[in-house]
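In the working numbering, the protein residues as written are 56 to 327. Idealized CB from N, CA, C, for every residue including glycine. Note that the structure is predicted; figures quoted are calculated from it, not measured.
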Amino acid sequence: MSRIENALEKVAQLNAGADEAARQAETADPAAWAPTLVPKSPYIITLTEPDSPAAEEYRKLKAMVVKLTAHDVARNVIMITSCTSGEGKSITSINLAISLAQEVSYSALLIDADLRRPSLTEYLGISAERGLSDCLNDGTPAASAVIKTGIPKLEILPAGKSIRNPVELLSSPKMKMLVNELKRQHANRYIIIDTPPILPFAETQIISMLVDSVLLVVKEGMTTGQDMQDSLDLLKGTRVLGIAFNDVSAPAANNRYRNYYHYYAARGQRKA
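Here it is, written out as structure tokens:
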């Protein structure tokens with residue numbers, strides 16, 4: 056059995072607790088489980104080259120996410136993580152959020168919860184004085200910390216000031232209250248939370264219990280099968296939307312974009 060098949064089998068096992076209504080809604084169309092290719096790029100392709108084939112692949116990923124969550128619009132908080140560092144989770148978070156914001160029916164809010172190594176504002180070319188850590192640590196109102204990105208319908212809650220122990224802050228009741236507050240504000244807004252890698256850092260597992268679903272980004276040729284298994288074990292009790300395989304060779308017809316994500320959707324897994 057291949058590494059991909061092993062990972063998908065693991066996800067299928069985690070789905071055992073899914074309620075039947077969600078399972079029927081998400082498995083009605085077999086096409087929903089076809090792999091989607093998403094380009095690996097250091098650039099925000101969906102913004103800089105919106106008409107490119109690469110941007111189109113991100114829109115396919117967006118369509119997959121919308122399809123898998125459309126049965127319950129209240130489940131709009133998605134955590135994006137990776138097994139280890141350097142696998143492309145932050146770029147995926149940004150491009151997915153941009154694609155969701157470009158959708159007529161939705162807006163998007165990015166949250167940089169990688170307090171150890173924040174990068175979203177740098178990628179977007181914006182600066183911020185306050186952010187998530189300030190909301191949790193100092194009681195800064197979320198409304199004053201969320202800023203516009205300059206991209207229509209896309210806002211961001213930056214990481215905020217550097218702190219010594221992110222685990223304590225992100226595992227506090229304030230984090231749960233903040234997520235719930237932001238979730239209630241807009242019915243048709245997706246919230247994309249970029250977190251630290253799940254294997255080295257404890258706070259990611261904690262955050263996974265506060266969100267509605269998780270997308271795991273792994274890097275082909277770097278992430279081991281054991282890393283994926285261990286990551287999925289840590290995500291037990293959550294709903295895993297899918298696994299994005301980064302650095303998979305592109306078809307010859309798309310030579311300009313040599314590296315791709317393969318996105319494999321995980322069948323309807325819900326919190327128990």
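Where does residue i fall in DSSP's three states?
{"i": "residue 208", "result": "coil"}
{"i": "residue 229", "result": "helix"}
{"i": "residue 218", "result": "coil"}
{"i": "residue 202", "result": "strand"}
{"i": "residue 108", "result": "helix"}
{"i": "residue 379", "result": "The question about residue 379 has no answer here: the residues shown for the chain are numbered 56 through 327."}
{"i": "residue 224", "result": "helix"}
{"i": "residue 117", "result": "helix"}
{"i": "residue 257", "result": "helix"}
{"i": "residue 236", "result": "helix"}
{"i": "residue 143", "result": "coil"}
{"i": "residue 265", "result": "coil"}
{"i": "residue 291", "result": "coil"}
{"i": "residue 127", "result": "coil"}
{"i": "residue 278", "result": "coil"}
{"i": "residue 99", "result": "coil"}
{"i": "residue 77", "result": "Because the pLDDT at residue 77 is just 39, under 50, the model does not fix this residue reliably, and the point stays unresolved."}
Any idea if residue i is buried or exposed, counting beta-carbon neighbours within 10 angstroms, 16 or more meaning buried?
{"i": "residue 143", "result": "buried"}
{"i": "residue 274", "result": "buried"}
{"i": "residue 212", "result": "buried"}
{"i": "residue 244", "result": "buried"}
{"i": "residue 210", "result": "buried"}
{"i": "residue 255", "result": "exposed"}
{"i": "residue 193", "result": "exposed"}
{"i": "residue 150", "result": "buried"}
{"i": "residue 182", "result": "exposed"}
{"i": "residue 200", "result": "buried"}
{"i": "residue 264", "result": "exposed"}
{"i": "residue 238", "result": "buried"}
{"i": "residue 249", "result": "buried"}
{"i": "residue 251", "result": "buried"}
{"i": "residue 330", "result": "Because the chain spans 56 through 327 in this model, residue 330 falls outside it and cannot be assessed."}
{"i": "residue 282", "result": "buried"}
{"i": "residue 31", "result": "Residue 31 falls outside the range modelled here, since the chain spans only 56 to 327, and no answer is possible."}
{"i": "residue 205", "result": "exposed"}
{"i": "residue 85", "result": "Residue placement at residue 85 cannot be trusted, given a pLDDT of 34 that sits under 50; what the coordinates show is reported in the next sentence. Label assigned to residue 85: exposed."}
{"i": "residue 198", "result": "exposed"}
{"i": "residue 258", "result": "buried"}
{"i": "residue 103", "result": "exposed"}
{"i": "residue 101", "result": "buried"}
{"i": "residue 125", "result": "exposed"}
{"i": "residue 136", "result": "buried"}
{"i": "residue 106", "result": "exposed"}
{"i": "residue 297", "result": "buried"}
{"i": "residue 278", "result": "buried"}
{"i": "residue 221", "result": "buried"}
{"i": "residue 228", "result": "exposed"}
{"i": "residue 207", "result": "exposed"}
{"i": "residue 235", "result": "exposed"}
{"i": "residue 267", "result": "buried"}
Tell me, which residues are paired with residue i by DSSP?
{"i": "residue 244", "result": "162"}
{"i": "residue 249", "result": "135, 167"}
Residue i: beta carbon under 7 Å from a heavy atom of the ligand COA?
{"i": "residue 150", "result": "Looking at this structure, you won't find the ligand COA or any other ligand, since it has none at all."}
Quick one: does residue i have its CB under 8 Å from some CB of chain B?
{"i": "residue 183", "result": "This model lacks chain B altogether, as it is built from one protein chain only."}
Inside the segment 147-194 only - alpha helix (DSSP H) runs reaching at least 4 residues: Within the segment 147-194, the complete alpha helix (DSSP H) runs of at least 4 residues are 175-179, 187-193.
Any contact of the segment 291-298 with the segment 167-180, i.e. 3+ C-beta pairs under 8 Å? The segment 291-298 makes no contact with the segment 167-180; the number of CB pairs closer than 8 Å stays below 3.
Segment contact flag, the segment 241-256 with the segment 144-161, C-beta cutoff 8 Å, min 3 pairs: Result yes; three or more Cβ-Cβ pairs closer than 8 Å.
Cβ pair count under 8 Å reaching 3, the segment 138-154 against the segment 110-122: Touching, yes.
Taking 8 Å as the cut-off, does the segment 213-230 touch the segment 184-191 (at least 3 CB pairs, one atom from each stretch)? Segments in contact, yes.
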